[in-house]
Amino acid sequence: MVEFLLKHQLNIMLALSSVCGTIALFVLIARALPKKRRVALLLLELSSMFLLYFDRMAYIYSGDVSDTGYVMVRVSNFLVFFLTNIVVLSFNLYLIDVIKGAGGLEGVAFRLNLCVILSLVGTALVVVSNFTGMYYYFDEFNNYYRGPLFILCYVFPVGTPLIQLSVILQKKDRITKGIYISLVLFIIVPIFASIIQIFAYGLSLTNIFIVGMAVLVYIFALFDINNKIEKANRREIEYLKEERQVMQRLFDQTASSFVNAVDSKDDFTKGHSLRVAKYAKLIAQTCGKNEKECDEIYYTALLHDIGKVGIPESVLEKGEDRTPEEQEIYKTVTTIGDEILSNINEYPYLRDGAHFVHERYDGKGYPVGLKGEEIPENARLIAVADNYDLLTSKKKDRDHYPQFMVREEMVKAAGTRFDPRFAGAMVSIIDSDVDYRLRESFGDEFEVKLEKELTCEAYRSKVSRGILIDETITKIDFDYESIKGSPFGFFGPSIIVFDSYDGRIHNDVKNIEVFGYMEYGEVWFDGNCNSTNARNIEVTVTDLQSSTTKNVPHYEIMTSRYEDHVKITIIGEGKKIDIVIALPDTSKYAYVGLTGEYCNLKNIEVETSEDSNVQIPIERIAPVVSYINRLESDLPNIQIDRNRSVYTEPVSVEDGMNVIFHSMSLPAAKLVWHCPYVLLYYSDDGRVDGANYREYALVKLSGENDCDTIYAENSMTNNQSSEFIDWDTWEMKNKEGVECHISFRKKKNSIELAAEDAGIIIRNTTRIKEMPKVVYFALTGDECAITDIRIYK
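Letter by letter, the sequence shown follows residues 2 to 794 in this note's numbering.
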């Protein structure tokens, strides 16, 4: 190692000297460094550069007896001893600046000032040595020799750094890790090198390592300042983000307050804009929009009705009852909103919602009559969210629509009023939240909760929420007491048996239509009844020996159902009343609503049996209603009273297979998806829900594919032929009965299905992820009858 250093020492010196010179240039132009630190580092790097440069010159001209050699040997050796102390002094200035920046010089100022004095004393002794030869001298051949007091030249360059080291160790906790390492190395490494150099004559280890550590000091100083800049940038970014969030919250609060004030002009539109904004953002997320696009759509939707501020309250409050002249006034809400928002130059997209939300995809909207993608995308999306909230909000002339009725509107309006993409997204959102197989569920806001107490004065002045009658036994208990005021002296409880989409009683014509309300009959607790839409009602009254120990009259009601018959048993006040009701058909639901006259029903409790096999015996009082008493062909006819309640026998799908059948929607059907479905699936025994069941596609002949992507991926297109007029006509044709045609093409890992139903033409490709040896199809549906099923190739 020593031999290597001796051989390459001059090259190492030149390289390190050049590096220090380059670093000095970088320090000079480094504006990120504090001024005092930059000056200290510049002095450190320059003194280190010249120290090593002249040390190299001393070696080169040693023994050179020329005039140049004579001068260079003496000048170079003098500057080497002189600059060694300057390097220590420069480092001390750098250390002072570091300690100041780390919290102050308290407790260390004296030692650092002492280091300055010692460095100056060391430089002075070097000058003295130049004339006395106490550190070094030269012979007549211009060779360098150590003087008698040579060891003294190490006292200041070594002793001073030891004092500096004591300061560094004392302030360790306040100095950053990188800077601390570089300071310690700058002191420790040259000291060890100096000790070695005492015994290794001819090597300039001390100076080489001093310069090397000077380079290291700069590198760690650069890392430190970069870390500080990076932290400062992060703080600045966080500050800017926080400021942006504050501004966004301020804008959000301001805009929300403003639109709430606008919406509050009509009791039935309170919170409308905020809900539309939330729905619009949800649709945008469903369609894969990024966060920025979703936020833009949110705020555009929030302000879409801002033009209402310029519309008279008398016009706003009329709603659908506006005269043609008032409707023209209302339509100016789009131009007023556009004028208001056009002044917000920073967010030009905000005006799109206000101006174009009432445009229609088919071009029949206002104010411009734009069509299809001519309408700005965010306006097309917001139009869907706006309509969804209008339908699901209560109006003065109707209650909120059930979710599946809203879904129906979205399906029908896709491609006419609305962009099919965004209408489809809204349908998928509804489907993800609602279970249509049993009954309507509105979520927390509209959840049907049975009252615990009901005070009835005039008959039907109060009716409880409906209690569903199904195949299980449901038990209803309540106490009752009479209240004064009956003009006829009659008081007591009674029940109403009915069906509606939301499980509630409706009396006005609008709600009866919207919620499909049908009343089967009324039963009083003395055995009297009134039949309306039931096919038949039979009531049997039996006297009982009262065994009640309650202080107030108490009633117990039990309900059950089998197919299209329901049975209700009422026990109380010494009587047992058995009621059997024949519903119009098996597709209808039935609810019990509690009511009465001048009585108070209290402590109402409902309990449903968990065992679906336990039923009340029901004797049939009306014949079975069947819509499949028609010709049978290759498969037995099926009547599907509820969603997918019945399936045809399974058939293996073959390439080129055709299926033709007759379909008729049941009289109670009201929705576009009350039609036949084609199910593609696999199971070990071929049965639906059989062992190892895998569902690949559920194609509804109304033009939907309702299947997840676990086992297959589906791509569907549906078009309307010239036979298709509108959805109402399509539903009417399906109720009258239509011929449906389905064809299959089977390929390696996919099945192509083509179907036609009254002008709806469907093309669906099912790509199966793991193709089994056989794929089955079955016909099913919702509230429809499928007959005369023919299969051929």
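Just so you know, even glycine gets a beta-carbon here, dropped at the ideal spot from N, CA and C.
Do you know whose CA, among L680, E244, S183, R645, lies nearest F221's CA?
With distances taken between Cα atoms, F221 lies closest to S183.
Taking only beta-carbon atoms, is Y331 less than 8 Å away from chain C?
The displayed structure is made up of one protein chain only, and chain C is not part of it.
Contact under 8 Å by Cβ, I629 with I639
A contact, by the Cβ cut-off of 8 Å.
Classify F499: buried if its beta carbon has 16 or more other beta carbons within 10 angstroms, exposed otherwise.
Taking all protein chains in view, the Cβ of F499 is crowded by 16 or more other Cβ atoms within 10 Å, so the residue is classified as buried.
Counting along the chain, where does the alpha helix (DSSP H) carrying H742 start and finish?
Per DSSP, H742 is not a residue of any alpha helix (DSSP H); the beta strand (DSSP E) it occupies stretches across 739 to 747.
Note down the Cα distance separating Y502 from M519, rounded to an integer number of angstroms.
Using only the alpha carbons, I get a separation of about 10 Å.
What would DSSP say about E292, mapped onto helix, strand or coil?
Assigned with DSSP and collapsed to three states, E292 falls in helix.
Which whole-angstrom value describes the C-beta separation of I762 and N719, a residue pair presumed to lie in contact below a C-beta threshold of 8 Å?
Correct: roughly 7 Å between the Cβ atoms.
Between which two residues does the alpha helix (DSSP H) containing G123 stretch?
For G123, the uninterrupted alpha helix (DSSP H) segment begins and ends at 110 to 133.
Give every residue of the same chain whose Cβ lies closer than 8 Å to the Cβ of N143, excluding the five residues on either side of it in the sequence, and list them in chain order.
In chain order, Y62, S63, G64, D65, V66, G70, Y71, V74 place their CB closer than 8 Å to the CB of N143, counting only its own chain and leaving out the 5 sequence neighbours on each side.
By Cβ distance below 7 Å, which residues in the same chain neighbour V316 in space, the five residues on each side in sequence not counted?
Taking V316 as the centre and dropping the five residues before and after it, the same chain places the C-beta of R323, E327, I330, Y331 closer than 7 Å to its C-beta, in chain order.
Give the secondary structure of W674 by DSSP, where H, G and I count as helix, E and B as strand, and everything else as coil.
Three-state DSSP puts W674 in coil, outside helix and strand.
With DSSP run on the structure shown, which of helix, strand or coil describes V464?
If DSSP states are grouped into helix, strand and coil, V464 belongs with coil.
If you follow the alpha helix (DSSP H) that L47 is in, where does it begin and where does it stop?
Judged by DSSP secondary structure, L47 falls within the alpha helix (DSSP H) whose first and last residues are 36 to 62.
Kindly identify the DSSP beta-bridge partner or partners of T456.
As a beta-bridge residue in DSSP terms, T456 pairs with N601.
Can you tell me whether T207 is buried or exposed, with buried defined as 16 or more other CB within 10 angstroms of its CB?
Counting of Cβ neighbours within 10 angstroms places T207 among the buried residues, the total reaching 16 or more.
Go through the stretch 547 to 578 residue by residue and report every complete run of the beta strand (DSSP E) that reaches 3 residues or more, in order.
Entirely contained in the stretch 547 to 578, the beta strand (DSSP E) runs reaching 3 residues are, in chain order, 555 to 563, 566 to 573.
Per DSSP, which residues does G272 bridge with? Please list them.
Answer is none; G272 lacks a bridge partner.
Can you grab the Cα-Cα spacing for the pair L808 / L126, in whole Å?
As displayed, the chain neither begins before 2 nor continues past 794, which places residue 808 out of reach and without an answer.
Classify A33: buried if its beta carbon has 16 or more other beta carbons within 10 angstroms, exposed otherwise.
That one is exposed.
Provide the residue span of the alpha helix (DSSP H) that contains G354, from first to last.
Start and end: 351 to 357.
Going straight from the alpha carbon of Y138 to that of C21, what length do you get?
Taking the straight line from one Cα to the other gives about 29 Å.
Along the alpha helix (DSSP H) that carries M411, what are the first and last residues, could you check?
Element bounds for M411: 404 to 414.
Quick check: R695 and Y712, are their CB atoms within less than 8 Å of each other?
Yes, the Cβ-Cβ distance between R695 and Y712 is below 8 Å.
Tell me, please, which residues DSSP counts as bridged to E608.
Partner residues in the beta bridge of E608, as assigned by DSSP, are K476.
What does the alpha-carbon distance come out to for the pair E564 and T587?
For E564 and T587, the distance between alpha carbons rounds to 5 Å.
One question on the structure: do L52 and L90 come within less than 8 Å of each other, judged by their Cβ atoms?
Cβ atoms of L52 and L90: not closer than 8 Å.
Quick check on this structure: which residue in Y481, Y793, W728 has the alpha carbon closest to the alpha carbon of D758?
Comparing Cα positions, the closest option is W728.
Does the Cβ of F357 have 16 or more other Cβ atoms within 10 Å, making it buried, or fewer, making it exposed?
With 16 or more Cβ atoms within 10 Å of its Cβ, F357 is classed as buried.
Hey, E655 and K794 are a contact pair by Cβ (cut 8 Å); roughly how many whole angstroms apart?
About 7 Å; that satisfies the 8 Å criterion.
Kindly give me the distance between the Cβ atoms of A380 and D353, rounded to whole angstroms, as I take these residues to be in contact under 8 Å.
Their Cβ separation, rounded to whole angstroms, is 5 Å, which keeps A380 and D353 in contact under 8 Å.
Given this structure, state the Cα-to-Cα distance separating V310 from L451, to the nearest angstrom.
Taking the straight line from one Cα to the other gives about 40 Å.
Beta-ladder partner(s) of P494, from DSSP:
Partner residues in the beta bridge of P494, as assigned by DSSP, are G597.
Rounded to the nearest angstrom, what separates W731 and S664 at their Cα positions?
Here the C-alpha atom of W731 lies approximately 13 Å from the C-alpha atom of S664.
DSSP on K396, reduced to helix/strand/coil?
Reduced to three states, the DSSP call for K396 is strand.
For K568 and L595, I'd like the C-alpha separation in whole angstroms.
Each residue's Cα considered, the two are about 16 Å apart.
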